[in-house]
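Asks: Residue numbers (this note's numbering): 3 to 261.
Can you keep this structure in mind? I'll have questions shortly.
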Amino acid sequence: MNKLALVTGATSGIGEAFAERLATDGYDLILVGRRKDRLEEFAAAHPGVFVRSVVADLSTDTGVDTVAEICAAEPLTMLVNNAGVAHYMPLAELPADKARELVHVKVVAPTLLARAAVAGMQERGEGQIVNVAGMIAFSGPADKSVMPRRAVYAGTLAHLVALSQTLGAELADTGVQVQVLCPGVVATEFHSRQGLDLSAVPRMTPEDVVTASLRGLELGEVVCAPGVEDAGLLDAVFRAGLAAFGGQSPRLASRYRDA
Numbered sequence: 003m004n005k006l007a008l009v010t011g012a013t014s015g016i017g018e019a020f021a022e023r024l025a026t027d028g029y030d031l032i033l034v035g036r037r038k039d040r041l042e043e044f045a046a047a048h049p050g051v052f053v054r055s056v057v058a059d060l061s062t063d064t065g066v067d068t069v070a071e072i073c074a075a076e077p078l079t080m081l082v083n084n085a086g087v088a089h090y091m092p093l094a095e096l097p098a099d100k101a102r103e104l105v106h107v108k109v110v111a112p113t114l115l116a117r118a119a120v121a122g123m124q125e126r127g128e129g130q131i132v133n134v135a136g137m138i139a140f141s142g143p144a145d146k147s148v149m150p151r152r153a154v155y156a157g158t159l160a161h162l163v164a165l166s167q168t169l170g171a172e173l174a175d176t177g178v179q180v181q182v183l184c185p186g187v188v189a190t191e192f193h194s195r196q197g198l199d200l201s202a203v204p205r206m207t208p209e210d211v212v213t214a215s216l217r218g219l220e221l222g223e224v225v226c227a228p229g230v231e232d233a234g235l236l237d238a239v240f241r242a243g244l245a246a247f248g249g250q251s252p253r254l255a256s257r258y259r260d261a
């Protein structure tokens with residue numbers, strides 16, 4: 003039986019690059035996206051590859067439920083939660099429908115799709131779940147000079163980091179790997195859809211992001227940051243977080259007590 007991968011947001015950018023690479027590596031593919039024409043174009047361009055196209059909008063409960071049912075029913079070797087929207091703007095300016103869409107696509111969908119896929123992966127003793135986030139997940143402490151502001155977007159990516167790390171620990175010794183993929187700025191349609199012109203900004207290719215992810219899985223990395231040369235920087239972030247977690251006490255910290 004061939005390896006089987008399900009990729010969301012597969013019609014462009016990192017998702018399309020994953021689909022291309024996995025097709026080359028011999029995977030059968032279930033590709034999820036909003037644009038039927040692009041899904042059909044990919045299938046037509048790969049006549050020797052099994053491609054099942056699923057048109058679904060992961061900003062809706064119906065779309066998430068449709069894809070979750072597939073994740074639960076099919077013997078997935080790999081799940082790539084890549085679908086995304088940006089909506090870069092301060093929280094007070096972010097329309098409620100856009101905030102809801104963003105949280106649904108980057109929090110609800112990957113959480114429920116992973117939940118649907120993981121039981122079968124555990125039973126089979128193998129599987130890989132890749133959650134595509136971004137380095138913005140680590141930008142929370144940045145001061146007000148860092149623009150554009152994007153509190154909800156950053157928060158959804160931070161959720162994916164914590165989810166992936168914790169889920170990876172839950173699945174230790176089961177044969178199921180979890181990775182959160184955190185690229186920086188990537189040369190895709192993602193930013194232009196938000197009206198941002200980043201043509202003058204150095205950007206990584208989607209193909210390099212996918213190469214880093216697959217190599218990171220081989221290395222056993224839970225957090226894969228394709229553009230960070232010194233992996234010790236990431237280790238320092240996580241050690242500091244664990245130190246704070248371990249440094250808590252039931253006694254009120256002295257700085258909060260009356261003088």
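Glycine is no exception: its CB is placed at the ideal position from the N, C-alpha and C atoms.
Note that the structure is a prediction, hence the values are computed from the model and not measured.
Roughly how many angstroms lie between the CA atoms of ALA255 and GLN130, to the nearest whole one?
Replies: Each residue's alpha carbon lies about 41 Å from the other.
Asks: Would a C-beta distance cut-off of 7 Å place VAL178 and VAL163 closer than the cut-off?
Replies: Taking 7 Å as the Cβ cut-off, VAL178 and VAL163 do not qualify as a contacting pair.
Asks: For a minimum of 4 consecutive residues, which ranges assigned as the alpha helix (DSSP H) are wholly contained in the segment 3-59?
Replies: Entirely contained in the segment 3-59, the alpha helix (DSSP H) runs reaching 4 residues are, in chain order, 15-26, 38-47.
Asks: At the level of alpha carbons, what is the spacing between THR207 and ARG259?
Replies: So the alpha carbons of these two residues sit roughly 52 Å apart.
Asks: If we ignore side chains and look at the alpha-carbon of each, how far apart do PRO92 and ALA139 end up?
Replies: Rounded to the nearest angstrom, the two C-alpha atoms are 16 Å apart.
Asks: CB-CB under 6 Å to ASP59, same chain, minus the five flanking residues each way: which ones, in chain order?
Replies: Excluding sequence neighbours, ASP59 sits near ARG36, GLY65.
Asks: What residues match up with CYS226 in a beta bridge as DSSP calls it?
Replies: Paired residue(s): LEU183.
Asks: How far does the alpha helix (DSSP H) with GLN167 in it reach, from first residue to last?
Replies: GLN167 -> alpha helix (DSSP H) spans 153-172.
Asks: Could you name the residues of the same chain whose beta carbon sits closer than 7 Å to that of ALA135, not counting the 5 residues immediately before and after it, in chain order?
Replies: Answer for ALA135: LEU159, LEU162, VAL163, VAL182, LEU183, CYS184, listed in chain order.
Asks: For the segment 168-177 and the segment 213-222, state whether three or more C-beta atom pairs, one from each stretch, are separated by less than 8 Å.
Replies: Flag = no, the segment 168-177 and the segment 213-222 do not touch.
Asks: So, with DSSP's three-state summary, where would you put MET91?
Replies: It is coil, neither helix nor strand.
Asks: If we call anything under 7 Å between Cβ atoms a contact, is THR13 one with ALA85?
Replies: In this structure, ALA85 does not lie closer than 7 Å to THR13 by Cβ.
Asks: So, using beta-carbon positions, are ALA119 and LEU78 closer together than 7 Å?
Replies: Yes, the Cβ-Cβ distance between ALA119 and LEU78 is below 7 Å.
Asks: For the candidate residues GLY50, VAL107, VAL87, whose alpha-carbon lies nearest to that of TYR29?
Replies: Closest by alpha carbon: GLY50.
Asks: Please determine, among GLY229, VAL180, GLY218, ASN83, the residue with the shortest C-alpha to C-alpha distance to PRO204.
Replies: Nearest option by C-alpha distance: GLY229.
Asks: Considering VAL212, what are the terminal residues of the alpha helix (DSSP H) in which it resides?
Replies: Here the alpha helix (DSSP H) through VAL212 covers 208-221.
Asks: Alpha helix (DSSP H) containing GLN124: first to last residue?
Replies: Start and end: 111-126.
Asks: From this set, GLU103, GLU42, SER251, ASN83, which residue's C-alpha is nearest SER166's C-alpha?
Replies: Comparing Cα-Cα distances from SER166 to each of GLU103, GLU42, SER251, ASN83, the minimum goes to ASN83.
Asks: When you compare only the Cα positions, how much space is there between GLU231 and ALA144?
Replies: Spanning the two alpha carbons is a distance of roughly 21 Å.
Asks: Using 7 Å as the threshold, is the C-beta distance between VAL87 and LEU104 below it?
Replies: Against a cut-off of 7 Å, the Cβ pair of LEU104 and VAL87 comes out as a contact.
Asks: For LEU81, which residues does DSSP report across the bridge?
Replies: DSSP lists LEU8, ILE131 as partners of LEU81.
Asks: Quick check on DSSP: helix, strand or coil for VAL66?
Replies: Note: VAL66 maps to helix in three-state DSSP.
Asks: As a quick exercise: from VAL34, TYR90, VAL224, pick the residue whose alpha carbon is nearest that of LYS174.
Replies: The residue you asked about is not Lys; residue 174 is Ala in the sequence shown. Measuring from the Cα of ALA174, the nearest candidate turns out to be VAL224.
Asks: If you compare alpha carbons, which of LEU33, ILE72, THR26 is closest to GLY17?
Replies: Here the closest residue by C-alpha is LEU33.
Asks: Just mark VAL107 as buried or exposed, buried being the case when its beta carbon has 16 or more other beta carbons within 10 Å.
Replies: Under this definition VAL107 is a buried residue.
Asks: Compare the Cα-Cα distances from VAL180 to each of GLN124, GLU209, ALA233 and report the closest residue.
Replies: Taking only the C-alpha atoms, the option nearest VAL180 is GLN124.
Asks: Who does VAL188 pair with in a DSSP beta bridge?
Replies: DSSP lists MET206 as partners of VAL188.
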